[in-house]
Amino acid sequence: MHPNRVPVLTIDGPSGSGKGTISRAVAERLGWHFLDSGALYRAAGLAASWAEIALDDADALARCARDVEVRFEDRPGDDPLVYVNGVESSAELRTETCGATASAIAALPAVRAALVDKQRDFRRPPGLVADGRDMGTVIFPDAGLKVFLTASAEERAERRHKQLKQKGLEVNMPALLRDILARDARDAQRPVAPTRPADDAVLLDTTGTPIDAVVSKVLALAATAWPTR
Ligand code: DC
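Per my numbering, the sequence shown starts with residue 13, numbered consecutively.
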């Protein structure tokens with residue numbers, strides 16, 4: 013099948029909107045591949061920090077993003093292990109520091125350009141669920157279904173807090189909320205590929221909605237988008 017005929021479902025939205033959990037569950041239910049595009053930005057940021065590249069050195073950061081090798085190792089019933097340049101880095105990638113670095117370098121057009129092909133390579137049969145900020149607007153503008161998830165900042169901070177706690181990381185709520193708002197503002201206001209719904213995206217507000225209900229809603233939309241799947 014030509015790569016452009018492989019069906020794609022994009023799920024974009026701000027941090028903590030439930031994107032990761034929801035996209036993963038939807039991909040599993042459809043039996044499709046899954047792209048965690050945020051992990052690529054986080055991995056590029058991590059590799060840059062290992063190489064001690066300054067966050068204002070756009071050329072070196074773009075080279076780093078182009079050269080970084082990211083490998084996902086699926087685990088049944090758990091998040092995949094992520095290897096960055098061969099080093100298992102799953103826990104480090106999830107930290108708030110890594111998220112903030114990713115958000116900073118993601119504002120650089122050369123870094124974004126360096127990651128485009130890596131993201132499009134995930135489009136393989138039988139289909140792809142792509143999670144990010146610009147999946148529906150920039151990376152897969154021809155996706156058959158585009159979903160944009162939102163939730164109140166307070167609820168997103170609470171979800172993040174729970175997630176980090178489960179991973180044994182302790183962060184205080186006011187700091188988390190402040191960081192989430194700062195990261196959202198930067199991701200939404202950058203001139204290149206800001207977080208925003210595509211014109212043809214379906215908007216779902218997940219505030220107060222259990223994850224399972226959102227997953228069912230997205231699967232129902234997918235059944236309409238691909239009736240013969
Ligand atoms: O989804 P996440 O929290 O893992 O993403 C980390 C950062 O990477 C996010 O703050 C902005 C950036 N990012 C992006 O700019 N475009 C994407 N498609 C995914 C992530």
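All C-beta atoms, glycine included, are put in the ideal place defined by N, C-alpha and C.
Counting along the chain, the unbroken beta strand (DSSP E) around K158 starts and ends at L157 to T162.
A70 and R202 have their C-alpha atoms spaced approximately 15 Å apart.
Relative to the ligand DC, even the nearest heavy atom lies 7 Å or more away from the CB of Y95.
The Cβ atoms of A165 and L189 sit closer than 8 Å to each other.
According to DSSP, D224 shares a beta bridge with no other residue.
At least 8 Å separates the beta-carbon of I151 from that of V183.
Distance from the CA atom of A37 to the CA atom of A63, rounded to whole angstroms, is 35 Å.
Judged by DSSP in its simplified three-state form, L120 adopts coil rather than helix or strand. A contact is defined here as three or more CB-CB pairs under 8 Å, and the segment 197-214 fails this definition with respect to the segment 93-108.
Listed in chain order, the non-local C-beta contacts of V141 below 6 Å within the same chain comprise L21, S35, V38, A39, W44 and F46, local neighbours out to five positions each way being set aside. Using a cutoff of 7 Å, the CB of G89 does not count as near the ligand DC, since none of the ligand's heavy atoms is closer than that.
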